[in-house]
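Engineer: Once you've had a glance at the structure underneath, I'll fire off some questions.
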Amino acid sequence: MSKLKKILKSGEVALGTWITIAHPDVVEAISTLPINWLVFDMEHAPIDVSNLEILLMGVKNPDIASIVRVPWNDMVVIKRVLDVGATGILVPWVNTRTEAENVMKYVKYPPTGVRGVGPRRAILYGAINFLDYYKKFKLEDLVVAVQIETEEALKNLEEIVSVNGIDIYYVGPMDLSTNLGIPLEYNHPKFVEAIQKVLKTCEKFDKTPGIHAFDTQLAIKYIEMGFKFVAIMSDISILRSSLAKMIEIIRTKNK
């Protein structure tokens, strides 16, 4: 069982960040830090399967899970992402039990799924025996996450969270707040009620609740609320906010 799966099963907090800059230097540098996972964003960042494969090679710590947010709940994209070596999948816009069940079909080989056979880098180009990979890959190591980001998903939450095999139910605050009609109002009662519903439902079904935090204080707040899979910003937002803070300090000192 992978390190991240063990952390999730133990109920500990798993910290990570998002990769949106398509350069392996960024991945390699961040993977030297004591984090548990990275999400490579194919939905909104300029990352495709070709440069994803190169980015995954930059993860130097084998204990860091390489999770890919695919652009859609699409069996072809999910298959290709797994074939180049992703150890986790995050699927956006999952609103029904059927859509959640489809995620599980797409990540699993027959007879329980529909994933085509051709794992390539996932078996190190043949250095790993496919049958060994096949046996181990029956979700012993793979982390499967889906996003809860709409009113429809909240309405169907219990049905979605009850699907076997999905490890993490991840709140995308920007999408969820916008779909609730309160964009970026993270203290709005409607948003707070929504994320508390995610927490309670995950607890009921013994699943891991996840969320994206846009700063350190939000990360701490969400952990105190009970979230166990917490993102600390993203590579580009960390870069920009860190430099902005340095500039502000320097200019304040030299007024």
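In this text, residue positions in the sequence shown follow the UniProt record's numbering: the first is 1, and each later residue adds one.
Backbone N, C-alpha and C fix where the C-beta goes; we use that ideal spot for every residue, glycine too.
1) How about Asp-167 and Lys-207: are their beta carbons less than 8 Å apart?
2) Name the residue from Tyr-169, Tyr-133, Phe-191 whose alpha carbon lies nearest to the alpha carbon of Thr-201.
3) Enumerate in chain order the residues of its own chain whose CB-to-CB distance from Glu-140 is below 7 Å, with the five nearest sequence positions on each side excluded.
4) How big is the Cα-Cα spacing for Asn-51 and Thr-17?
5) Using the Cα positions of Lys-9 and Lys-228, report the straight-line distance between them to the nearest angstrom.
6) Tell me where the beta strand (DSSP E) around Ser-10 begins and ends.
7) Specify, as a first and last residue, the run of the beta strand (DSSP E) that Leu-15 falls within.
8) Given Lys-60, which residues of its chain have a CB within under 7 Å of its CB, disregarding the five upstream and five downstream residues?
9) Just confirm the distance between the C-beta atoms of Ala-231 and Ala-213, as a whole number of angstroms; I'd bet it's less than 8 Å.
10) Quick one: which unbroken alpha helix (DSSP H) runs of 4-plus residues sit fully inside the region 83 to 137? Chain order, please.
11) Counting beta carbon pairs with one atom in the region 144 to 155 and one in the region 175 to 193, are three or more of them shorter than 8 Å?
12) Whole angstroms is fine: what's the gap from Met-174's alpha carbon to Lys-136's?
13) For Ile-47, tell me which candidate among Asp-63, Trp-37, Gly-58, Val-70 has the shortest Cα-Cα distance.
14) Tell me which residue opens and which closes the alpha helix (DSSP H) that Ala-29 is part of.
15) Going by DSSP, what residue range makes up the beta strand (DSSP E) through Met-233?
Structural biologist: Straight from the coordinates:
1) Within the sequence shown, residue 167 is the residue found at index 167, counting from 1. Within the sequence shown, residue 207 is the residue found at index 207, counting from 1. Taking 8 Å as the cut-off, the Cβ atoms of Asp-167 and Lys-207 count as close.
2) Taking the first residue of the sequence shown as position 1, residue 201 is located at position 201. The shortest C-alpha separation from Thr-201 is found at Tyr-169.
3) Stepping through the sequence shown from its first residue, residue 140 is reached at position 140. Result list for Glu-140: Met-1, in chain order.
4) Counting from 1 along the sequence shown, the entry for residue 51 is found at position 51. Counting from 1 along the sequence shown, the entry for residue 17 is found at position 17. If I take the Cα positions, the gap works out to 18 Å.
5) As a position in the sequence shown, residue 9 is number 9, starting the count at 1. As a position in the sequence shown, residue 228 is number 228, starting the count at 1. Here the C-alpha atom of Lys-9 lies approximately 10 Å from the C-alpha atom of Lys-228.
6) Counting from 1 along the sequence shown, the entry for residue 10 is found at position 10. Residue range 3 to 10 is occupied by the alpha helix (DSSP H) that includes Ser-10, with no beta strand (DSSP E) assigned at that position.
7) Numbered from 1 along the sequence shown, position 15 holds the residue referred to as residue 15. It spans 14 to 19 - the beta strand (DSSP E) in which Leu-15 sits, taken as one unbroken run.
8) Position 60 of the sequence shown, counted from the first residue, corresponds to residue 60. Result list for Lys-60: Glu-28, Ser-31, Thr-32, in chain order.
9) Taking the first residue of the sequence shown as 1, we reach residue 231 at position 231. Taking the first residue of the sequence shown as 1, we reach residue 213 at position 213. At roughly 6 Å, the Cβ-Cβ gap stays under 8 Å, so Ala-231 and Ala-213 are in contact.
10) Here the runs fully enclosed are 97 to 107, 130 to 136.
11) Look at the beta carbons and you see the region 175 to 193 touching the region 144 to 155: at least three pairs across the two are nearer than 8 Å.
12) Here residue 174 is taken as the residue at index 174 of the sequence shown, counted from 1. Here residue 136 is taken as the residue at index 136 of the sequence shown, counted from 1. A direct Cα-Cα distance of roughly 36 Å separates Met-174 from Lys-136.
13) Mapped onto the sequence shown, residue 47 falls at position 47. Comparing C-alpha distances from Ile-47 to each of Asp-63, Trp-37, Gly-58, Val-70 shows the shortest one belongs to Val-70.
14) For the purposes of this step, residue 29 is identified with residue 29 of the sequence shown, where counting begins at 1. Looking at the DSSP string, the run of the alpha helix (DSSP H) that includes Ala-29 is 24 to 30.
15) Here the question's residue 233 lines up with position 233 in the sequence shown. That run of the beta strand (DSSP E) goes 229 to 234.
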